[in-house]
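This report concerns only the one structure given below.
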Amino acid sequence: MTRRRAFHMLRRGRNLKGLFKLIKPYIKEKDPDALYIYACISLPEWGETEHSFFERRYKYLRFAARAGNIEAIYEIGLVLHTGHGGIEQDKRKAAEHFKMAAEKGHPMSKLYYGLDLFYGSCGIQKDEVLGISFVHQAVDDGVPDARYTLNKLLKLREIEQTSQ
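Going by numbering that gives the first Met the number 0, the first residue of the sequence shown is number 0, and it counts up by one from there.
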């Protein structure tokens, strides 16, 4: 499977049947990227309802995350953070997923993990300096609103330091 081709097909949302044929043998091999892509698609002939699609999606996101796919790790974090689809909300576990994905280089996870570090929220021990570092990395990665967030955190830190 050429990962670049498969992800290009997924992003374009065209020829999902062809994409499924491409990844099918790799799903059986538990390839992390194939598992993630399978979690993201649904074909009309599968007859999935929105609920059954979400259940299958969540199941395969977990498989992909366990196999090391950082996008899946991040998306599991989002589901746990919001409690989407009837999954019990667990912000502590969500933060653990964001941390794991951030440490593996996932841009948006760097922003979320950086905020958890800065504020000491969701069970993450407070570390403002490290939090700012992760948010800065998110800025460097081009994450939307990360620059605004970084500036806000720097101002908060400055206010805290001048009031001491």
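From the three backbone atoms N, C-alpha and C, an ideal C-beta is built for every residue, glycine too.
Local Cβ density within 10 Å of residue i, reported as buried at 16 or more and exposed below that
i, result
"H80", "buried"
"S41", "buried"
"D144", "exposed"
"L155", "exposed"
"V128", "exposed"
"T161", "exposed"
"I123", "buried"
"I158", "exposed"
Contacts around residue i, its chain only, beta-carbon distance under 8 Å, and the 5 residues preceding and following it disregarded
i, result
"E28", "none"
"L153", "I131"
"D35", "Correcting the residue identity first, residue 35 is Tyr in this sequence and not Asp. Excluding residues within five positions, the ones whose Cβ falls inside 8 Å are Y59, L60, A63, N68, E70 and A71."
Beta-carbon proximity list for residue i, same chain, < 6 Å, skipping 5 on both sides
i, result
"Q136", "K109"
"M107", "V142"
"H105", "I69 and Y73"
"G76", "A93, H96 and F97"
"R2", "D32"
"L18", "M8"
"Y111", "F97"
For residue j and residue i, the rounded distance between their alpha carbons
i, j, result
"K125", "L116", "5 Å"
"A94", "R4", "31 Å"
"Y118", "G85", "28 Å"
"Y57", "A38", "7 Å"
"M8", "V138", "28 Å"
"L114", "F133", "8 Å"
"H50", "H83", "11 Å"
"L165", "Y25", "Residue coverage of the chain in this structure runs from 0 to 163, which leaves residue 165 outside it and unanswerable."
"T148", "F6", "30 Å"
"W45", "R10", "20 Å"
"K90", "K20", "36 Å"
Continuous alpha helix (DSSP H) stretch holding residue i: start and end
i, result
"K20", "L15 to K27"
"L9", "R2 to R11"
"D32", "P31 to C39"
Residues near residue i in its chain [Cβ-Cβ closer than 7 Å; skip 5 each side]
i, result
"R146", "V138"
* Asked: What residue ranges within the stretch 62-146 form continuous beta strand (DSSP E) runs of no fewer than 3 residues, ordered along the chain?
  -> As far as the stretch 62-146 is concerned, it has no whole beta strand (DSSP E) run of at least 3 residues.
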